[in-house]
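Heads up: the structure comes next, in structure tokens.
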Amino acid sequence: MNRLAEKVVFLTGGGGVLGHASAELFAREGARVAVVDARKDKAEETAQSIIASG
Numbered sequence: 000m001n002r003l004a005e006k007v008v009f010l011t012g013g014g015g016v017l018g019h020a021s022a023e024l025f026a027r028e029g030a031r032v033a034v035v036d037a038r039k040d041k042a043e044e045t046a047q048s049i050i051a052s053g
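Have a look at this one:
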């Protein structure tokens, strides 16, 4: 489904468990997702997970 197509989500705390799950859900719904977190490595893990999912 693409309910969020053409939308942008700026997600703070995207490296945590809830943030990671939210980021993946937003991406699955068609949104472009920007992930930020105080822990850069965790934010990058979330971003890479989304990219790998397609």
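Going by numbering that gives the first Met the number 0, the first residue of the sequence shown is number 0, and it counts up by one from there. Beta carbons are placed, not taken as given, at the ideal position from N, Cα and C, and that holds for glycine. Fair warning: this is a prediction, and the values are worked out from it, not measured in the lab.
- DSSP, reduced to helix, strand and coil, places R27 within a helical segment of the structure shown.
- When DSSP reads this structure, A33 sits in a beta bridge with F9.
- Rounded to the nearest whole angstrom, the CA to CA distance from G12 to V35 is 6 Å.
- Measuring C-alpha to C-alpha distances from L10 to each of R2, Q47, A20 and A33 identifies A33 as the nearest.
- For A42, the enclosing alpha helix (DSSP H) begins and ends at K39 to S52.
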